[in-house]
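What follows is a set of notes on a single structure, which appears directly below.
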């Protein structure tokens, strides 16, 4: 392993170091991917440092880049958003497989996706990974199980995770996992050029600060200026707490994507499971609870999303969305019910289990795509209900 990449933060505990050593049991392909991104980032370090310093100088901010990176490490967690009730190809739900196997798998293995299902040799995901990760996973003999798992760096500490477009629930990962993640500013679908790692973070930081300076967008939070962002980040007291509070981000299109290399084991790598409250008192909710208990991490709840039929827009994700919402509510919600994660999930399961009932909507693939868009609408337009303190963690 590259010597620079193995460095451990000074304030890391001995226990964390032991876990980190265990977690870094990587295959050659996984190590090659990390090394490729590290080498690219370090080769471009001077240019990226100049990009950052130009912005700091413009706003007369007198802090070091190292201080900013350390602060980001302090406030950030990796999160992986997922829909727990979606069906795998063999018929199990995602959460049932996680409960039984204790390991999180990529779409190359599961053959399902909450984004675009292009995880196969020669598919778009394969090509993106080849570009981002130096062809490490295209080498002869590399297995599907070795492929990276996708999440996001939850710098803003959003209660719905860094990337809610990919799921109603999320795992908050332990800090040691961050050390084997590659990070890109943006989504890999758009071939982002700002790629780094925890200890070569300058490209990602430069992209983030430029986005805030140009558009006032801090990973989905609008009308933010660089001075406020940096000040909150460097203030370890109330200012930071107020700015990086755990509210919903609804960050459908703005995030720092993470590619996590190596196994993700429920017993070793998960800090908490954070779920949508629509699953409370459901079979999926019971599986969420027993999974958390089995592997020894808390089950928490975020505020959730719900939306009445009359508020489903026709000018976002297609004019057919109100009709689809009506169909979903009629078939899968209680009378006068709202769209929520659990109701949309029941519809998605129905498409797979009973495709003949959805023939008028096209192929199962097309229908699932539309249901995915309905979830996007819920994230953007849905109303949230703050939970009582006693419900936030069980």
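In my numbering, the protein residues as written are 23 to 416. Cβ coordinates follow ideal geometry from the N, Cα and C atoms, glycine included. Since this is a predicted model, take the numbers as computed values, not measurements.
If distances are taken between C-alpha atoms only, which option among the options comes closest to residue i?
| i | options | result |
| --- | --- | --- |
| residue 266 | 362, 355, 254 | 254 |
| residue 474 | 106, 221, 352 | Residue coverage of the chain in this structure runs from 23 to 416, which leaves residue 474 outside it and unanswerable. |
| residue 309 | 120, 322, 195 | 120 |
| residue 332 | 367, 72, 403 | 403 |
| residue 201 | 391, 357, 57 | 57 |
| residue 177 | 314, 252, 329, 170 | 252 |
| residue 290 | 195, 102, 388 | 195 |
| residue 231 | 218, 219, 247 | 247 |
| residue 175 | 388, 352, 276 | 276 |
| residue 180 | 326, 381, 158 | 326 |
| residue 172 | 286, 60, 238, 280 | 280 |
| residue 383 | 358, 345, 356, 407 | 345 |
| residue 315 | 288, 55, 272, 72 | 288 |
| residue 268 | 111, 343, 349, 184 | 184 |
| residue 134 | 154, 150, 112, 153 | 112 |
| residue 278 | 213, 146, 405 | 213 |
| residue 59 | 217, 110, 193, 162 | 217 |
| residue 150 | 210, 127, 337 | 210 |
| residue 396 | 349, 359, 93, 356 | 349 |
| residue 77 | 229, 55, 264 | 229 |
| residue 263 | 93, 110, 292, 357 | 93 |
| residue 454 | 242, 293, 110 | Because the chain spans 23 through 416 in this model, residue 454 falls outside it and cannot be assessed. |
| residue 352 | 80, 272, 87, 368 | 368 |
| residue 168 | 204, 285, 312, 234 | 285 |
| residue 340 | 391, 307, 259, 85 | 391 |
| residue 302 | 153, 190, 358 | 190 |
If residue i and residue j are in contact, beta carbons under 8 Å, what's the gap, nearest whole angstrom?
| i | j | result |
| --- | --- | --- |
| residue 198 | residue 52 | The Cβ separation is near 15 Å, so there is no contact. |
| residue 116 | residue 108 | 5 Å |
| residue 370 | residue 399 | Rounded, the Cβ-Cβ distance is 14 Å, inconsistent with contact. |
| residue 401 | residue 274 | 6 Å |
| residue 335 | residue 343 | 7 Å |
| residue 207 | residue 166 | In fact, because the Cβ distance is near 27 Å, the residues do not count as touching under 8 Å. |
| residue 125 | residue 249 | In fact, because the Cβ distance is near 43 Å, the residues do not count as touching under 8 Å. |
| residue 89 | residue 256 | 6 Å |
| residue 270 | residue 406 | 6 Å |
| residue 101 | residue 192 | 5 Å |
| residue 170 | residue 103 | The Cβ separation is near 15 Å, so there is no contact. |
| residue 55 | residue 155 | 4 Å |
From the DSSP output, in three-state form, read off residue i for me.
| i | result |
| --- | --- |
| residue 191 | strand |
| residue 142 | The predicted model places residue 142 with a pLDDT of 49, which falls under 50 and marks its position as unreliable; any figure quoted below should be read in that light. Note: residue 142 maps to coil in three-state DSSP. |
| residue 174 | strand |
| residue 223 | coil |
| residue 93 | helix |
| residue 245 | coil |
| residue 322 | strand |
| residue 397 | helix |
| residue 155 | coil |
| residue 361 | strand |
| residue 137 | With a pLDDT of only 46 at residue 137, under the threshold of 50, the placement of this residue in the model should not be trusted, and no figure is reported. |
| residue 115 | strand |
| residue 110 | coil |
| residue 350 | helix |
| residue 293 | strand |
| residue 88 | helix |
| residue 355 | coil |
| residue 258 | coil |
| residue 301 | helix |
| residue 182 | coil |
| residue 377 | helix |
| residue 275 | coil |
| residue 83 | coil |
| residue 161 | coil |
| residue 267 | coil |
| residue 98 | coil |
Identify the residues that DSSP records as bridge partners of residue i: which are they?
| i | result |
| --- | --- |
| residue 103 | 192 |
| residue 405 | 328 |
| residue 287 | 125 |
| residue 203 | 282 |
| residue 217 | 206 |
| residue 240 | 243 |
Should the region 363–380 be called in touch with the region 293–310, which here means at least 3 C-beta pairs below 8 Å?
As far as the Cβ criterion goes, the region 363–380 touches the region 293–310, which means the pair count is three or higher.
Any 3 or more C-beta pairs closer than 8 Å across the region 224–239 and the region 67–87:
Under the three-pair Cβ rule at 8 Å, the region 224–239 counts as touching the region 67–87.
Stretch pair the region 318–328 + the region 373–386: three plus CB contacts closer than 8 Å
Touching, no, given that fewer than three Cβ pairs across the two stretches are closer than 8 Å.
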